[in-house]
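Taken in order, these protein sequences are the chains called R and W. Using the numbering used here, you'd call the opening residue of the first sequence number 137 and step up by one each time. Using the numbering used here, you'd call the opening residue of the second sequence number 2 and step up by one each time. Following: one structure in structure tokens, then a few remarks.
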Amino acid sequence: AQSVAQPEDQVNVAEGNPLTVKCTYSVSGNPYLFWYVQYPNRGLQFLLKYITGDNLVKGSYGFEAEFNKSQTSFHLKKPSALVSDSALYFCAVRDMRGGSYIPTFGRGTSLIVHP
Amino acid sequence: ETGVTQSPTHLIKTRGQQVTLRCSSQSGHNTVSWYQQALGQGPQFIFQYYREEENGRGNFPPRFSGLQFPNYSSELNVNALELDDSALYLCASSSASGNYNEQFFGPGTRLTVL
Numbered sequence: 137a138q139s140v141a142q143p144e145d146q147v148n149v150a151e152g153n154p155l156t157v158k159c160t161y162s163v164s165g166n167p168y169l170f171w172y173v174q175y176p177n178r179g180l181q182f183l184l185k186y187i188t189g190d191n192l193v194k195g196s197y198g199f200e201a202e203f204n205k206s207q208t209s210f211h212l213k214k215p216s217a218l219v220s221d222s223a224l225y226f227c228a229v230r231d232m233r234g235g236s237y238i239p240t241f242g243r244g245t246s247l248i249v250h251p
Numbered sequence: 002e003t004g005v006t007q008s009p010t011h012l013i014k015t016r017g018q019q020v021t022l023r024c025s026s027q028s029g030h031n032t033v034s035w036y037q038q039a040l041g042q043g044p045q046f047i048f049q050y051y052r053e054e055e056n057g058r059g060n061f062p063p064r065f066s067g068l069q070f071p072n073y074s075s076e077l078n079v080n081a082l083e084l085d086d087s088a089l090y091l092c093a094s095s096s097a098s099g100n101y102n103e104q105f106f107g108p109g110t111r112l113t114v115l
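In structure tokens, the structure reads:
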């Protein structure tokens with residue numbers, strides 16, 4: 137069975153500093169990996185995805201993520217955090233096998249960027 | 002381009018009742034998925050519909066059922082409501098059922114079961 141772990145419930149960072157939100161995954165085949173962001177009282181918004189190819193993926197709002205197959209990780213990063221980046225971030229994985237489609241989301245990490 | 006919309010925004014029901022939640026997918030999308038997001042948790046996949054057929058289901062009992070209509074809008078029906086069904090229900094659409102496509106989420110319906 138596939139699974140996603142976001143080991144930190146909360147990440148605190150000062151505005152202007154780099155940020156990292158961690159995600160590790162477990163799948164039996166090759167993974168499709170996604171990051172979504174959720175603002176209060178809103179649905180999830182897509183940030184970026186890894187399907188294949190370059191291990192460094194660039195996404196919306198200056199975010200990027202690095203796929204590391206040996207460590208089964210897909211950490212979300214941003215070189216310089218903004219207060220407006222404060223939100224709930226979810227990592228998700230889909231198994232690359234065909235057939236039934238069952239995506240798995242992590243529990244989420246609350247990012248707080250301090251002015 | 003119209004985004005994903007859901008109705009109602011909030012709903013209060015009592016245990017044992019039935020509820021229907023509605024979703025209009027983003028223009029051009031033919032795939033709709035439903036998720037349950039309990040407080041403090043990530044979204045849990047309920048099921049997906051592609052061209053009016055269910056083509057994937059998560060670990061939810063049969064009292065959770067759905068429909069997709071020819072215009073690709075969708076309904077989620079929950080029978081015999083239980084207290085643990087209280088959650089935010091999210092609908093998401095995508096342009097195909099492929100595993101690699103990102104999804105576009107609606108704002109959700111907050112269901113409270115008393």
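Cβ coordinates follow ideal geometry from the N, Cα and C atoms, glycine included. Small disclaimer: the values here were computed from a predicted structure and weren't measured.
Which listed residue (the options) has its alpha carbon closest to that of residue i
i, options, result
"Ser34 (chain W)", "W:Asn102, W:Leu84 and W:Leu112", "W:Asn102"
"Ile248 (chain R)", "R:Gly165, R:Val229, R:Pro239 and R:Tyr225", "R:Tyr225"
"Ile13 (chain W)", "W:Val5, W:Thr6 and W:Leu22", "W:Leu22"
"Glu144 (chain R)", "R:Ala137, R:Cys159 and R:Ser206", "R:Cys159"
"Asn72 (chain W)", "W:Leu115, W:Gln19 and W:Glu53", "W:Glu53"
"Ala223 (chain R)", "R:Asp190, R:Asn204 and R:Ser246", "R:Ser246"
"Arg64 (chain W)", "W:Gln19, W:His11 and W:Glu55", "W:Gln19"
"Pro167 (chain R)", "R:Asp221, R:Val219, R:Asn204 and R:Lys213", "R:Asn204"
"Leu218 (chain R)", "R:Gln138, R:Asn148, R:Ala137 and R:Ser139", "R:Asn148"
"Thr240 (chain R)", "W:Gly43, W:Ser95, W:Gly17 and W:Ala39", "W:Gly43"
"Ser94 (chain W)", "W:Pro9, W:Phe46 and W:Thr15", "W:Phe46"
"Gly57 (chain W)", "R:Ala137, R:Ile238, R:Gln138 and R:Ser139", "R:Ile238"
"Phe61 (chain W)", "W:Asp86, W:His11, W:Gly17 and W:Ser74", "W:Asp86"
"Thr208 (chain R)", "R:Tyr186, R:Gln146, R:Gly244 and R:Arg243", "R:Tyr186"
"Arg243 (chain R)", "W:Val5, W:Gly59, W:Asn78 and W:Ala39", "W:Ala39"
"Phe70 (chain W)", "W:Tyr51, W:Val79, W:Gly41 and W:Pro108", "W:Tyr51"
CB-CB length for residue i against residue j, believed under 8 angstroms
i, j, result
"Asn31 (chain W)", "Ala88 (chain W)", "Between Ala88 (chain W) and Asn31 (chain W) the Cβ distance is about 26 angstroms, and since that is not below 8 angstroms, they are no contact."
"Gln37 (chain W)", "Cys92 (chain W)", "Gln37 (chain W) to Cys92 (chain W), Cβ: 11 angstroms. No contact."
"His250 (chain R)", "Ala141 (chain R)", "His250 (chain R) to Ala141 (chain R), Cβ: 26 angstroms. No contact."
"Ala201 (chain R)", "Lys213 (chain R)", "7 angstroms"
"Gln138 (chain R)", "Val163 (chain R)", "4 angstroms"
"Leu184 (chain R)", "Trp171 (chain R)", "5 angstroms"
"Thr15 (chain W)", "Leu115 (chain W)", "5 angstroms"
Under the three-state DSSP convention, the category residue i falls into
i, result
"Gly198 (chain R)", "helix"
"Ser220 (chain R)", "helix"
"Leu12 (chain W)", "strand"
"Leu115 (chain W)", "coil"
"Leu68 (chain W)", "strand"
"Leu84 (chain W)", "helix"
"Glu54 (chain W)", "strand"
"Tyr175 (chain R)", "coil"
"Leu183 (chain R)", "strand"
"Glu76 (chain W)", "strand"
"Phe61 (chain W)", "coil"
"Ala97 (chain W)", "coil"
"Ala39 (chain W)", "coil"
"Asp190 (chain R)", "coil"
"Lys213 (chain R)", "strand"
"Ala137 (chain R)", "coil"
"His30 (chain W)", "coil"
"Gly234 (chain R)", "Unreliable positioning characterises Gly234 (chain R) in this predicted model, as indicated by a pLDDT of 48, which lies under 50. A coordinate reading is not provided."
"Cys159 (chain R)", "coil"
"Arg243 (chain R)", "coil"
Pair within 8 angstroms by beta-carbon distance, residue i and residue j
i, j, result
"Thr113 (chain W)", "Tyr90 (chain W)", "no"
"Leu155 (chain R)", "Tyr161 (chain R)", "no"
"Gln104 (chain W)", "Phe199 (chain R)", "no"
"Ser196 (chain R)", "Gly152 (chain R)", "no"
"Leu180 (chain R)", "Phe48 (chain W)", "no"
"Glu76 (chain W)", "Leu68 (chain W)", "yes"
Short CB-CB distance (under 8 angstroms) between residue i and chain A
i, result
"Lys194 (chain R)", "Here the protein chains are R and W, and chain A is not one of them."
Q.
With a threshold of 8 angstroms, are at least 3 pairs of Cβ atoms found where one atom belongs to the stretch 174-184 of chain R and the other to the stretch 21-29 of chain W?
A. no
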